[in-house]
Amino acid sequence: MRNTDDDPTRVRFQASNGQFLQAQSETSVTADCGGSAASWEDSDPSVFIINIVRTLQGEYQITNGYGPDKAPKVLQVSIEQNMQYGIKVIVDLHAAQGSQNGNEHSGARDGFQEWGDSYIQDTVAVIDFLAARLGPADPNELLSFASNLNGVVIDVHYYNLFSDMFTNMNAQQNIDFIHNQRSSDLSTVTTTNGPLSFVGEWTAEWNVKEASTEDYQKFAKAQQEVYGRATFGWAYWAYKCELPHWSLKWNIENNIIHP
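Residue numbers (UniProt numbering): 1 to 259.
Below, the structure is given as structure tokens:
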């Protein structure tokens, strides 16, 4: 529900139980507010302000869903509509034709990973399409710009995965990479008098085969030490997950991560 009369950035969210979300504290939100909004004032805990939206553009949406002719118009209209309400838009390619890993978030409908050499040109074409319309941009350019804003946090995600450079690294090399490269990466976005830095995703999982419990403990400890320097803190991939080393709960219960 949006306040269309005075301030369209003020919204209320209705949960599946029919109740509206309301803030109980700075860290707690519950879905137990009934009725319509009595007011749209700051004092109403069920009123939230929306100031950013993330648009996930899959390859299907760009080239098959809307088609290459209509896709630019759809994307442009979406951006323009958000600009009217002062909402910033982040656009990224999150799913390529064929599915990169077989998971649902990469566009797979049957759990199979089919992306390969035959899909490379199609994927590059989508990236070129988005970059030509919205880029180019140096990501570090954001840092000086963000330093002039209030309430801004730079969110980075660090994994020793998803890149060939980690394929043949042993346990100690991965740990050294955290202490050296990741520490440098985080220092780059953690600037004096600049925006706060936040490691929004990390995991104790890696590509090391037959790693011991001690190896995992050292790897997790290195990340906690380095990411603990982020001025806004860090967040693990998930509190509870079916994949053991992606689950913070499992790692704590199995003495891999020490809170």
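All C-beta atoms in this analysis are idealised placements derived from N, C-alpha and C, irrespective of residue type, glycine included.
Query: Of the residues Lys88, Leu21, Ala23 and Gly34, the one placed nearest Ile50, counting alpha carbons only; Result: Lys88
Query: Contact under 7 Å by Cβ, Cys33 with Ser46; Result: yes
Query: Cβ-based burial, Ala131 [other Cβ within 10 Å; buried from 16]; Result: exposed
Query: Alpha carbon of Leu56 to alpha carbon of Val91, nearest angstrom; Result: Residue placement at Leu56 cannot be trusted, given a pLDDT of 47 that sits under 50; what the coordinates show is reported in the next sentence. Rounded to whole angstroms, Leu56 to Val91 spans 6 Å at the Cα level.
Query: Cβ neighbour criterion (16 or more within 10 Å) applied to Gly98; Result: buried
Query: Integer-rounded CB distance, given that Ser197 should sit under 8 Å from Ala222; Result: Wrong, their Cβ atoms sit about 18 Å apart, outside the cutoff.
Query: Identity of the residue in Ile178, Val124 and Thr192 nearest Gln224 by Cα; Result: Ile178
Query: Coil, strand or helix - residue 260 by DSSP; Result: Coverage of the chain is limited to positions 1 through 259, which leaves residue 260 absent and any answer about it impossible.
Query: Cβ distance (whole Å) where Ile256 is taken to contact Ala204 below 8 Å; Result: 6 Å
Query: For Lys70, the residue or residues it bridges with in DSSP; Result: BP columns for Lys70 are empty, so no partner.
Query: With 16 other Cβ atoms within 10 Å as the buried cut-off, status of Leu248; Result: buried
Query: Cβ pair Trp250, Pro259 closer than 7 Å; Result: no
Query: Reduced DSSP category for His258 - H, G, I as helix; E, B as strand; rest coil; Result: coil
Query: Helix, strand or coil at Leu134 according to DSSP, with G and I counted as helix; Result: helix
Query: C-alpha distance - Phe13 paired with Asp215, whole-angstrom precision; Result: 44 Å
Query: Val77 classed as buried or exposed, judged by whether at least 16 other C-beta atoms fall within 10 angstroms; Result: exposed
Query: Own chain partners of Ile252 with C-beta closer than 8 Å, once the 5 adjacent residues on each side are dropped; Result: His258 and Pro259
Query: Assumed close pair Asn174, Phe162 - CB separation to whole angstroms, cut-off 8 Å; Result: Not confirmed; about 13 Å, so no contact.
Query: Those runs of the beta strand (DSSP E) which lie wholly inside the stretch 187 to 247 and span at least 3 residues; Result: 196 to 201
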